[in-house]
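Engineer: For reference, the structure I am asking about is given below.
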Amino acid sequence: MSLSRQPAVAGMFYPANPVDLSAEVRMLLAGARRAASSRTPKALIVPHAGYAYSGPVAAEAYTRLAPVAKQIRRVVLLGPVHRVPVRGLALPRATEFVTPLGKIPLDMETMSAVSELPQVTVSDEAHALEHSLEVHLPFLQTVLGEFSLIPFAVGSATPEQVAEVLERVWGGEETLIVISSDLSHFLPHDLAKQIDGETVNRILSLRPGLNHEQACGATPVNGLLVYAAKHGLAVEALDVRNSGDTAGDKSRVVGYASIAFYEAPQSAKAENKPERDERGETLLTVARNAIASHLGEPEKPHAIQPWINEPGASFVTLTQQGNLRGCIGSLEAYRPLLEDVRANAIAAAVHDPRFAPLSARELSHTRIEVSLLSRTEVIAFDSEQHALAQLRPGVDGLVLEYGHSRGTFLPQVWESLPSPADFLAQLKRKAGLPVNFWHGGIRLSRYAVTKWKEAGYGE
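In my numbering, the protein residues as written are 65 to 523.
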């Protein structure tokens, strides 16, 4: 006998008419940027407000699934409870969830198995009116077609308890994990951007400990971060905005982010290509060896893999006791990554005009960070305020160009300059322009980075 969980927020958070709903979801997906990366998300953090508010941000996550839609047969969906208090993670008694686009069967076999965990309970009441799970279903139905669902309404639980559940249901390439969460609530636009940027930075660093003022879905997000850190997942921010950006009112906004988590593909492992940590270890060794060799110090033996001879753009940053000691890099991939990292490491050590050349005796207590840059994306704007509104704190690396002036800040700089206005002003100064300068001829481009930092070395 089928027990159906009927839609609770159709007609409020999204259209109740199936034709209108299908059209709106497809319009949102069509408006999302196409990913330059060929990586397949294994897990996503996606917002859960009404489609007029968070729909464009959610679409940035779900459009990434299109190339692998046929292989995903099961979705594990975790969202915070808003109406009924729950101890642990609640499954429903229902056997199917219904939306205006049709029925979604639940994976009853896996749900029965995972319910043996003490933190997993059963509560139809927790699911009956809960929107944090429901709003994702039309997106998933549109992108994936047929799939089974395991829905958790998450209440009071530790990150480790959530991570234990994820271990049980993680599966292989047939399973997608979706964590439902918005970010800050009801702050002024600029303050929300700053706070949400700090929150996203913490997520990108795989650091659990978020509270529910930073993210209403902090409990399942923290659990995913524990799992991701344990298993070495890569993480990427796809979009960070708020309701002031999508719906217009900037006086009291809600923050949204779409964030993807990636595993190393089995094909890469079979071909002996590096996983994320191995790639970082290799690049850090290349950078340290380049500086050591230049200073007449011994190098550490390491293997050169074929991937490092492909074109790449990198930045190498040196710090001592947390203070900057040099930073040089490339914005475009115009030479093999091996050459790029070597050249930038030496330049950061001895050619950064802000610092005296690094000495051999300093090398042992100098920490190296290597950042690998994505392709740049031009930002379209018609005023400085319009440009500032599009910046994503904690996510964007930014390039500013005007005439012969040029400067860039890596995304890491948001940690010390969390305000978009301060970030842009100091980037102007770095480019040799006055902080209050503005001209229609300014060109801005953004990029993302994957970064690795050495452990130890006096830090």
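All C-beta atoms in this analysis are idealised placements derived from N, C-alpha and C, irrespective of residue type, glycine included. Small disclaimer: the values here were computed from a predicted structure and weren't measured.
Cα separation between A256 and K364?
Structural biologist: 45 Å
Engineer: Please report the distance separating the alpha-carbon of T514 from that of S118.
Structural biologist: Distance between the alpha carbons of T514 and S118: 26 Å.
Engineer: Just verifying my parser: in three-state terms, what is the DSSP assignment at A298?
Structural biologist: strand
Engineer: Exposed or buried, what is I368 when buried is set at 16 or more other beta-carbons lying within 10 Å of its beta-carbon?
Structural biologist: Taking all protein chains in view, the Cβ of I368 is surrounded by fewer than 16 other Cβ atoms within 10 Å, so the residue is classified as exposed.
Engineer: Alpha carbon to alpha carbon, how far is P475 from L462? Give it in angstroms, no decimals.
Structural biologist: 8 Å
Engineer: Out of curiosity, what's the CA-to-CA distance linking A100 and L85?
Structural biologist: Because A100 carries a pLDDT of 46, less than 50, the predicted location of this residue cannot be relied on, and the following value inherits that uncertainty. Those two C-alpha atoms are separated by around 28 Å.
Engineer: Grouping DSSP H, G and I as helix and E and B as strand, with all else coil, what is A332?
Structural biologist: Low confidence applies here, because A332 scores a pLDDT of 45, under 50, leaving its location unreliable and the question unanswered by this model.
Engineer: With respect to the alpha helix (DSSP H) encompassing K134, which residues constitute its N-terminal and C-terminal limits?
Structural biologist: No alpha helix (DSSP H) holds K134; DSSP gives it neither H nor E.
Engineer: Which residues bound the alpha helix (DSSP H) around T174?
Structural biologist: 172-178
Engineer: With H, G and I counted as helix, E and B as strand and the rest as coil, what does DSSP make of L422?
Structural biologist: coil
Engineer: State buried or exposed for A87, treating a residue as buried only when at least 16 other CB atoms are found within 10 Å of its CB.
Structural biologist: exposed
Engineer: DSSP three-state label for G312, please.
Structural biologist: coil
Engineer: For T263, collect the residues of the same chain with a Cβ closer than 7 Å to its Cβ; drop the 5 residues on either side in sequence, then sort them by chain order.
Structural biologist: L247, L274, Q278, A279
Engineer: Express the C-alpha separation of I506 and G496 in angstroms, rounding to a whole number.
Structural biologist: 13 Å
Engineer: Can you tell which of T430, D486, L455, V121 has its C-alpha closest to the C-alpha of S244?
Structural biologist: V121
Engineer: Curious, which full-length alpha helix (DSSP H) runs of at least 4 residues does the region 231-307 contain?
Structural biologist: 253-268, 282-295
Engineer: Just tell me which of F473, P482, E518, F445 has its CA closest to the CA of W502.
Structural biologist: F445
Engineer: What does Y320 pair with, by DSSP beta-bridge criteria?
Structural biologist: Under DSSP, Y320 shares a beta bridge with R305.
Engineer: Just to check my reading of the structure: H253 and K314 have Cβ atoms closer than 8 Å, yes? What is that Cβ distance to the nearest angstrom?
Structural biologist: 4 Å
Engineer: Report the CB separation of S68 from A190 in whole angstroms; it is logged as a contact under 8 Å.
Structural biologist: Actually they do not touch by this definition, with Cβ atoms about 16 Å apart.
Engineer: DSSP state of E339, grouped into three classes?
Structural biologist: Confidence in E339 is poor, its pLDDT being 45 and thus under 50, which makes the residue's placement too unreliable to answer from.
Engineer: With distances taken between CB atoms, is the gap from V380 to I443 smaller than 8 Å?
Structural biologist: The Cβ-Cβ distance between V380 and I443 does not fall below 8 Å.
Engineer: Are the CB atoms of D303 and E441 nearer to each other than 8 Å?
Structural biologist: no
Engineer: Which value, in whole angstroms, describes the spacing of the CA atoms of I410 and V218?
Structural biologist: So the alpha carbons of these two residues sit roughly 50 Å apart.
Engineer: Beta carbon of H358, beta carbon of A413: below 8 Å?
Structural biologist: Contact: yes.
Engineer: Around the C-beta of P156, are 16 or more other C-beta atoms found within 10 angstroms, so that it is buried, or is it exposed?
Structural biologist: Classification of P156: buried, given that the 10 Å Cβ count is 16 or more.
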